[in-house]
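Be aware that the sequence shown starts at -4, since it is given in this note's numbering, and climbs by one per residue. In this text, a Cβ means the ideal position worked out from N, Cα and C, and glycines have one as well. Bear in mind that the values here come from a model prediction, so they are computed numbers and not experimental data.
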Amino acid sequence: MILLLLLIGNNKIFEALVSVMANLKGGIRLFRKRFLMLSLLLCGVISFFWLTGQTFIQSDVKQEEAQEKERLLQMDEPHFWIISDNHFFPDTFIEESAAFRAFEATALGNDLRYTETILNAFVQKALVEKPTGIIFTGDVTLNGEKAGLDRMVELLQPLQEAGILILAIPGNHDIYNGWAREFKNGDKITTHQISPQDFQRGFSDGYRLSQATDKHSLSYSLDAGAYRLFLLDSNIYADRFSKKEPVSHGRLSEETLAWLEAGLSDAKEKGKTPILFLHHNLLAHHEQMTDGFVLNNAPDVLSLVNQYEVPLALSGHTHLQNILQQVDPSNFYEISSGSFSAAGTSIGHLTLQENTIIYENESFDPLPYLDSQHLANPDLKNYSAYVTLKAQELGEEMARELFRSYAIDADTQLMKEVGEAYVFYFMGGSQLTPLEKEARLARLQESLPRKADSSLLESYRQLLDAANWEAHHHLVIQP
């Protein structure tokens, strides 16, 4: 303080001090100004190089996509595997609790317990055999659980890294499904639901390589060799998180129909043979499975099918392995794919030659692709028998309830035969001879009272008559 007073008392020293402080203040102001200018310049340089890098990256991505499209377009014989209704449920959602077992009992013959293991085995098979791509025709998840979608996409990643395309459309269980649940600490609790954006991001191959996308749905088309594939979103779902059960019915909106017609017209102009893929059926594959299974506006779609000479559609939803030919005109077929998570563990093999379409169905046996830990589990070691038994037990229980309604105690053998007929139908056939089929029908008829509804026998006859293995597992079309 005394030093400060002495300096103030000396005018020259005080003036010099003020001058120094002024210069210092001006220097700081100048430094700040120059620092700000330098910072702005540096930000500009960084932004330039970042944007330039992004441009190059985007350019590279577009170039890679263009190359992939061209490779797909130039293929002489694309070969796709068709999977439907795999109802994937991640291992992390499963627990040994009364709540889960009660939930499992409502699965209508589907396997909920081992979907992750079986999908992983399927991936190992595909890595060996290397199809062009895998096409999922809906119900890829059990009930639209986002964690299930994320885990499924993760398991499929090795296929994409190997150059195998993953193409998918949703089913009625996949988007904003109010049934989405997981199991924790003995309780069944709600979990995050899949949004349309989640689905599109998870199965991005089809959308990024598409020839065209429909802005009103998750539908898209892409060209493969001499063919144009239309993957159609036929589902009715909410536009946000839902508390309601999934809608079984399906339809194509007017906007999507218009989009489809434009695509079919363009395909015809370019000489491409169109093939449709959708979750719901266009034809009735069983008289008891029409409402909620056949597309609500199937006649509108079939009108386009006939107009543009579409030879084939592949669908799911019913869990039936069934091939049906349209009666009039008779140049259109629909393949309803069996469920990948139920009896048959169905894989469709679709080979697209220039003038010939070949379809073969395979019942997938995961045994060669399981490790020693999985093989120690008897359910997995005999997986085909495991899922077949689940379907047979469901068929037997349905028959048992029916017989109870007539106050009949059916014998064990008859129950077994009815259960087997249920399995035959969903798997798409059996090796029964015509005489064996008639004998089984006669045994059921003898057990029923005269007052029994004749439609029961007719339904059973349809199950047995449909048991023509070759007719529902093999198809050759020359469009």
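With respect to the C-alpha of Ala437, the residue from Asp182, Met422 and Glu412 having the closest C-alpha is Glu412. In this chain, the beta strand (DSSP E) harbouring Trp76 covers His74 to Ile78. In the assembly as shown, Arg399 is an exposed residue. Its beta-carbon has fewer than 16 other beta-carbons within 10 Å.
For Pro191, the secondary structure class from DSSP, reduced to helix, strand or coil, is helix.
In this structure the region 305 to 325 does not lie against the region 201 to 208, because fewer than three pairs of beta carbons, one per stretch, are closer than 8 angstroms. DSSP places His469 in the strand class (E or B) of the three-state scheme. For the pair Asn81 and Thr112, the CB atoms are not nearer than the 8 angstroms cut-off. For the options Ile342, Ser325 and Val300, the alpha carbon positioned closest to that of His314 is the one of Ile342.
Rounded to whole angstroms, Gly414 and Ala394 show a C-alpha spacing of 8 angstroms. The region 133 to 144 and the region 73 to 93 touch, with three or more beta-carbon pairs separated by less than 8 angstroms. If only complete runs of 4 or more residues are kept, the region 257 to 320 shows the alpha helix (DSSP H) at 293 to 302, in order along the chain.
For Pro294, the closest C-alpha among the options Ile330, Ser260, Thr340 and Gly245 is that of Gly245. At a Cβ-Cβ threshold of 8 angstroms, Ala466 and Ile231 do not count as neighbours. In this structure, the alpha-carbon of Gln152 lies about 22 angstroms from that of Leu107. At a Cβ-Cβ threshold of 8 angstroms, Thr268 and Pro73 do not count as neighbours. In this structure Leu365 is not in contact with Tyr354, their Cβ atoms being roughly 28 angstroms apart against a cut-off of 8 angstroms. Boundaries around Gly414 are those of the alpha helix (DSSP H), Thr407 to Met422, since no beta strand (DSSP E) includes it. Shown here, Ala207 sits in a strand according to DSSP, grouped into three states.
The alpha-carbon separation between Ile78 and Phe198 amounts to approximately 14 angstroms. Tyr328: member of the beta strand (DSSP E) spanning Tyr328 to Ser331, first to last residue. Secondary structure in the region 122 to 201: the beta strand (DSSP E) runs of 3 residues or longer, each lying completely within the stretch, are 128 to 132, 160 to 164, 176 to 179 and 182 to 185 in chain order. The residue among Glu388, Leu458, Gln426 and Phe194 with its C-alpha nearest the C-alpha of Ala102 is Glu388. By the C-beta density criterion, Asp323 is exposed, having fewer than 16 other C-beta atoms within 10 angstroms.
In this model, Ile159 and Ile129 are separated by some 7 angstroms (Cα to Cα). Contact annotation: Ser229 and His280 have beta-carbon atoms that are not nearer than 8 angstroms. Ile342 carries a strand assignment under DSSP once its states are collapsed to helix, strand and coil. Judged by DSSP in its simplified three-state form, Gly104 adopts coil rather than helix or strand. Judged by DSSP in its simplified three-state form, Leu459 adopts helix. Looking from the CA of Phe88, the closest CA among Leu459, Lys210 and Arg146 belongs to Arg146. Distance from the CA of Lys376 to the CA of Phe236, rounded to the nearest whole angstrom, comes to 39 angstroms. In this structure, the alpha-carbon of Val418 lies about 43 angstroms from that of Lys265.
For the pair Asp169 and Phe194, the CB atoms are nearer than the 8 angstroms cut-off.
Non-local beta-carbon contacts of Pro241 in its own chain, meaning distances under 6 angstroms to residues more than five positions away in sequence, involve Asn167, His168 and Asn172 in chain order. In terms of Cα proximity to Ala233, the closest of Ser212, Phe225, Ala371 and Gln320 is Ser212. Of the candidates His469, Ile472, Glu441 and Ala434, Ala434 places its Cα closest to the Cα of Leu459. DSSP places Arg435 in the uninterrupted alpha helix (DSSP H) bounded by Pro429 to Ser442.
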